[in-house]
Amino acid sequence: MAASAIALSLGLPAGYALARFQFRRVKNRDLTIWFLSQRVLPPVVVVIPFFLIMRSLHLLDHVLGLILINATFTLPFAVVIMRQTFQELPIELEEAAAVDGCSDFDAFWKISLPLAVPTLVAVAAICVAFTWNEFLFALSISSLKAKTFPVYLAGAEDTRGVQFWFIATRTILAMGPPVVLALFIQKYIVRGLTFGAVKG
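Per the working numbering, residue 145 is the first one in the sequence shown, and the count goes up by one each step.
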């Protein structure tokens, strides 16, 4: 949850900035491609660098280390999706607000953000799913204190061998929170992910 909150709090303004403002030195398209490349990069490539960084910061087997890593990998997704959402919103709404005396922040906060809430909820749900199911980094930098549910399930065996009924029970329990969350916000997920798909 914390990693998703960080990704959304940074990805929301970044996506809006990429959609509404033109940067001078670096093109917006190049920045967007850079964010996309972070999602294309296989996580296994950066396991060792992240391990060394977390060790130097004394964050091995610490919840904060997992939060930072998960936020790093979910942030590009949030930025790209929110950028596309704000690009689909009519800029004339913000221009009309500027004529009425609204600042750029007021136009974002009072006009663009409420219209983007369905997409924001959908992105939040997907980010939570990513972090909830993350296994590779949780396995590589955690041992006891910061062990996540997927890592715990993978090591659920004793001297009698793998007890599949035991693993199946805990797997069902692990599926509970994401399923309940999806049931509550499914209409926002569908509306957010299909936003701008049909124009007419």
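Using N, Cα and C, we set each Cβ at its ideal position, and we do this for glycine too. Since the structure is predicted, the reported quantities are computational estimates derived from the model, not experimental observations.
Bounding residues of the alpha helix (DSSP H) (the contiguous stretch that carries residue i)
{"i": "Q182", "result": "172–184"}
{"i": "A215", "result": "207–232"}
{"i": "P187", "result": "Neither: P187 is in no alpha helix (DSSP H) and is coded neither H nor E."}
{"i": "F249", "result": "248–251"}
{"i": "L280", "result": "280–285"}
{"i": "S153", "result": "146–164"}
{"i": "F274", "result": "261–277"}
{"i": "I235", "result": "235–243"}
{"i": "A298", "result": "293–298"}
For residue i, the nearest candidate out of the options (CA to CA)
{"i": "T292", "options": "F195, G209, I197, I192", "result": "G209"}
{"i": "P186", "options": "F281, T315, A251", "result": "F281"}
{"i": "F179", "options": "R168, M198, R227", "result": "R227"}
{"i": "N214", "options": "K331, L152, T313", "result": "L152"}
{"i": "A241", "options": "I255, L175, Q231", "result": "I255"}
{"i": "E236", "options": "I329, R164, A147, K171", "result": "R164"}
{"i": "A147", "options": "N277, I316, L288", "result": "N277"}
{"i": "L264", "options": "V189, W309, K331, T315", "result": "K331"}
Residue i - DSSP class collapsed to helix/strand/coil
{"i": "A341", "result": "Only weak support is given to the placement of A341: the predicted model assigns it a pLDDT of 49, under 50, and the question is left unresolved by the model."}
{"i": "F328", "result": "helix"}
{"i": "M198", "result": "helix"}
{"i": "R314", "result": "helix"}
Nearest-angstrom Cβ-Cβ length linking residue i and residue j, presumed shorter than 8 Å
{"i": "A326", "j": "A269", "result": "7 Å"}
{"i": "L204", "j": "I285", "result": "5 Å"}
{"i": "L233", "j": "A260", "result": "7 Å"}
Should the region 159–169 be called in touch with the region 226–246, which here means at least 3 C-beta pairs below 8 Å? yes
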